[in-house]
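Novice:
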Amino acid sequence: MKSPAVRVCALALGCLIAGVPLTSGAQAPAPPPGAGMLAEAAQVMGLKQCRPVLERLAPMVAQDSTAQDLIVDRDLKSKDEGPIFLLMGMQRPLGAAALTISAMPDGDGSCSFAAERISMAPYTCESVARTELPSYRATRLLPSFTVYTDPKDPGATVSMLDSPPGCIIIRRHVQFRWRPGAQP
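Just so we're aligned: the sequence shown equals residues 88 to 271 in the working numbering.
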């Protein structure tokens, strides 16, 4: 199946539609088949150092998503040296979700990043946690806000906010100085 056209808007700095910069007639080389919208966007923008982060996080987008759209903020003058901020909307069978990614190239060739996938489940948070996070440790921060952690993945948390009649779920992962080959 052919992936959808990439539509990326670098706010206040120009837009890219269907992988073609509006200010240029040249089209970026096609990413590998099945790479996903994040990988396509990274290729179109010419990212190198933090591109593997976006490729690695692509499954967060693909998970039960039927359509996506992406907004990107970055300084086009800094090429591959500056931070990149992405906000992606995703259509899912049970409603919409959002994904935010902030990535910053580090001087040693690695990339530090924070990614959050925010969604809503039409169930209680307790039932979602019982089904999806049976081995996670729960820490209640407020009466309606619980954070779940897995000791096997110290950079990741799953936060759940009771919001009747459903549950807001924030899956977050932060990692400093990540390199390809390491598990985010």
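Ideal placement from N, C-alpha and C gives every residue a C-beta, glycine not left out.
Pick helix, strand or coil for Ala117, following the three-state DSSP scheme.
Specialist: Its pLDDT being 49, under 50, Ala117 is placed unreliably by the model, and nothing is read from it.
Novice: If we count the other Cβ atoms within 10 Å of its Cβ and call it buried at 16 or more, is Thr233 buried or exposed?
Specialist: buried
Novice: In chain order, what residues of the same chain lie with their CB nearer than 8 angstroms to the CB of Pro252, ignoring the 5 residues before and after it?
Specialist: Closer than 8 angstroms at the Cβ level, and outside the excluded window around Pro252, lie Pro209.
Novice: Using a threshold of 7 angstroms, state whether the C-beta atoms of Leu157 and Ala128 are closer than that.
Specialist: Going by C-beta atoms, Leu157 is nearer than 7 angstroms to Ala128.
Novice: Assuming Ser246 is part of the alpha helix (DSSP H), what are its boundary residues?
Specialist: In the DSSP assignment, Ser246 falls outside any alpha helix (DSSP H) and lies within the beta strand (DSSP E) extending over Ala243 to Ser250.
Novice: Could you tell me which residues DSSP pairs with Val234 in its beta bridges?
Specialist: Thr226 and Ser246
Novice: Using DSSP with H/G/I as helix, E/B as strand and the rest coil, what is Ile255?
Specialist: strand
Novice: For Val198 versus Val140, is the C-beta distance shorter than 7 angstroms?
Specialist: Note on identity: in this sequence residue 198 is Cys, with Val being the wrong assignment. Yes, these two residues count as a Cβ contact at 7 angstroms.
Novice: Run the CB neighbour count on Leu144, radius 10 Å, all protein chains shown included, and call it buried at 16 or more, exposed below.
Specialist: buried
Novice: From the DSSP output, in three-state form, read off Gly123 for me.
Specialist: helix
Novice: What are the residues that DSSP puts in a beta bridge with Met191?
Specialist: Ser199
Novice: Measure how close the beta-carbons of Leu220 and Val245 come, nearest whole angstrom, since I'm counting them as under 8 angstroms.
Specialist: 6 angstroms
Novice: Whole-angstrom Cβ separation of Met132 and Val159, contact assumed at under 8 angstroms?
Specialist: 7 angstroms
Novice: Starting from the Cα of Ala154, find the closest Cα among Asp237, Met124, Glu168 and Ser165 and give me that residue.
Specialist: Comparing Cα positions, the closest option is Met124.
Novice: Among Pro267, Gln262, Ile256 and Met247, which has the Cα closest to the Cα of Ala184?
Specialist: Ile256
Novice: What is the DSSP secondary structure of Arg204, reduced to helix, strand or coil?
Specialist: strand
Novice: Where does Arg217 fall in DSSP's three states?
Specialist: helix
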